[in-house]
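In this text, residue positions in the sequence shown follow our numbering: the first is 3, and each later residue adds one.
The beta-carbon is built from N, C-alpha and C at its ideal position, and this holds for glycine as well.
As the structure is a prediction and not an experimental result, all values here were calculated from the model.
Report on the structure given below.
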Amino acid sequence: MVNLKITVWEGDLSEDYLRWASQIGVDGIDIRDPIKLPGVKEQGYPSLKGLLRLRRRLKRYGLEIFRVSLPEPYKFLVGEAGGEEELEKLCKTIELLGEASIPIARPMLHGTPKVSITHMAEHRGGYRMRAFNLEVMKAMLREEREIPVDVAPDEHLSRCIEVYRRIVPVAEDSGVRLALHPSDPPISEAPFSTQGWYKMIEAVPSEYNGLLYCVGTRYEAGGIQLVLEEIQRYGRMGKIFEVHLRNVRGNLPATGGFEEAAIDDGDVDMLVIVKALKETGFDGPVNPDHVPVVTGDTPDQRIAKAYAVGYIRALLRALDSSP
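Structure, rendered in structure tokens:
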């Protein structure tokens with residue numbers, strides 16, 4: 003039997019939202035905005051009592067917290083005063099997540115390019131999703147740099163590795179797995195487009211240092227062959243801690259851009275993906291990630307999210323039924 007868990011983003015964490023999440027059949031919540039963790043806004047790291055209280059609230063609806071995003075150590079990454087204090091609070095955050103039995107944390111290391119969207123694409127029936135064109139981005143920026151102008155790319159990656167040298171031992175002691183998302187879009191100069199993403203887990207080896215594998219982002223980087231190769235390689239190494247099941251059309255090497263699409267409406271056959279994950283023994287959470295803008299939806303996109311979750315549930319049921 004397939005043991006994958008389905009998760010969605012946190013929304014407003016209201017009782018109504020949690021009830022809805024339970025009703026559509028998800029197993030848990032990912033908190034992508036660390037400010038929503040109790041205590042972070044006030045002191046830079048969460049409150050243990052607040053985390054435990056939040057977990058109890060979710061438990062009432064049969065939900066877990068599978069993953070949270072960590073506060074970004076921006077000052078440390080750009081060499082500003084206060085960077086050491088940021089790292090101390092980052093380590094404290096990881097310790098508290100461990101005490102609250104929250105298993106996965108996503109480090110935020112300024113890995114997203116300055117321009118991650120160039121236009122909105124229209125698809126089936128007029129639903130809209132993010133799209134990106136490399137030439138348009140170059141015209142918008144006049145250059146491809148995606149990190150602060152006062153930090154060279156090599157120095158930025160070195161500082162990211164230094165962050166990891168500080169936080170990975172804490173993660174090991176706390177039982178929290180660090181899952182790094184690749185840069186999206188995966189332009190060559192982005193720190194975690196491909197080689198930089200690999201280097202982050204190679205530079206600080208640990209069973210607690212791994213990947214948040216985004217199918218859509220990696221398809222953008224090199225198409226289905228790259229996706230399946232990486233799933234086999236890193237899945238069998240036990241380095242894939244969570245998966246984003248996002249679909250897209252086109253990729254940078256082949257078409258110079260891409261358009262995000264609904265989970266059933268892109269280039270990627272998601273049944274092939276979940277089969278590949280099953281073959282590697284992956285048993286972590288999967289999140290539909292970005293969803294379409296559809297007519298009549300709520301501000302927190304409950305219709306689109308429910309559609310994606312239902313599709314994933316059907317994929318997992320089909321996987322259970324296959325030889």
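> Taking the alpha carbon of Gly100 as the point to measure from, which residue in Ala123, Val172, Glu222, Ile163 has its own alpha carbon closest?
Replying inline: Val172
>> I'd like to confirm the pairing. Which residues does DSSP put opposite Ile242 in its beta bridges?
In response: Leu213
>> DSSP three-state label for Ala102, please.
In response: coil
>> The alpha helix (DSSP H) that contains Ser49, what's its start and end?
In response: Taken as a continuous stretch (DSSP letters only), Ser49 belongs to no alpha helix (DSSP H), as it is neither H nor E.
> Smallest Cα separation from Gly81: which of Ala263, Glu204, Ser160?
Replying inline: Ser160
>> In the DSSP assignment, the alpha helix (DSSP H) including Val312 goes from what residue to what residue?
In response: A quick correction: the sequence has Gly, not Val, at residue 312. Run containing Gly312: 304–323, per the alpha helix (DSSP H) assignment.
>> For Pro105, count the other beta carbons within 10 Å of its own beta carbon; 16 or more makes it buried, fewer makes it exposed. Which is it?
In response: So Pro105 ends up on the buried side.
> What separation, rounded to the nearest whole angstrom, lies between the Cα atoms of Glu74 and Glu231?
Replying inline: For Glu74 and Glu231, the distance between alpha carbons rounds to 30 Å.
>> Given this structure, state the Cα-to-Cα distance separating Gly2 from Ala256, to the nearest angstrom.
In response: Because the chain in this structure spans residues 3 to 325, residue 2 falls outside the shown range and cannot be described.
> With a CB to CB cut of under 6 Å and the five nearest residues on each side skipped, what residues in its chain are close to Ala264?
Replying inline: So the qualifying residues of the chain are Pro294.
> Do you know how far the Cα of Lys116 is from the Cα of Ala141?
Replying inline: 13 Å
> Taking contact to mean at least 3 C-beta pairs separated by less than 8 Å, is the region 6–17 in contact with the region 30–42?
Replying inline: yes
> In its own chain, which residues sit with a C-beta less than 8 Å from the C-beta of Ile305, not counting the 5 before and 5 after it?
Replying inline: For Ile305, the CB contacts under 8 Å within the same chain, skipping 5 residues up- and downstream, are Val296, Gly298, Asp299 in chain order.
>> Once DSSP output is grouped into helix, strand and coil, what is the label at His158?
In response: helix
> Since Asp32 sits in a beta bridge, which residues does DSSP pair it with?
Replying inline: According to DSSP, which records beta bridges pairwise, Asp32 is partnered with Trp11, Arg69.
>> In whole angstroms, give me the CA-to-CA distance for Asp186 and Ile203.
In response: 18 Å
>> Could you check whether the region 24–32 touches the region 52–72, counting it as contact only if at least three pairs of C-beta atoms, one from each stretch, sit closer than 8 Å?
In response: yes
> Just curious, the alpha helix (DSSP H) that Ala23 is in, first and last residue?
Replying inline: 17–26
> For the 8 Å Cβ check, are there 3 or more pairs between the region 242–256 and the region 281–291?
Replying inline: yes
>> Can you check which of these residues, Arg21, Ser118, Val178, Asp285, is closest to Leu92 by C-alpha distance?
In response: Val178
>> Buried or exposed, going by whether 16 or more other CB atoms sit within 10 Å of the CB of Ala308?
In response: buried
> Can you tell me the Cα-Cα spacing of Pro150 and Pro193, whole angstroms?
Replying inline: Low confidence applies to Pro150: its pLDDT is 48, below 50, so where it sits in the model is not reliable, and the reading given next is rough at best. Answer to the nearest angstrom: the Cα atoms are 12 Å apart.
>> In this structure, how does DSSP classify Ile149 when only helix, strand and coil are distinguished?
In response: Below a pLDDT of 50, predicted positions are generally treated as unreliable, and Ile149, at 47, falls in that range; the measurement from the model is reported next regardless. Coil.
> For Glu146, which residues from the same chain have a beta carbon less than 7 Å from its beta carbon, with the 5 sequence-adjacent residues on both sides left out?
Replying inline: In this predicted model, Glu146 has a pLDDT of only 48, less than 50, meaning its place in the structure is not dependable; the value taken from the coordinates is given anyway. Result list for Glu146: Lys140, Ile189, Glu191, in chain order.
> Considering only residues of the same chain and omitting the five flanking positions on each side of Lys43, which have a CB-CB separation below 7 Å?
Replying inline: The residues are Ile37.
> Taking C-alpha atoms, which residue in Cys162, Leu143, His121, Leu214 lies nearest to Phe68?
Replying inline: Leu214
> Count the other CB atoms within 10 Å of the CB of Leu143; is the residue buried (16 or more) or exposed (fewer)?
Replying inline: exposed
> Considering only the beta carbon of each residue, do Ala83 and Glu262 sit closer than 9 Å?
Replying inline: no
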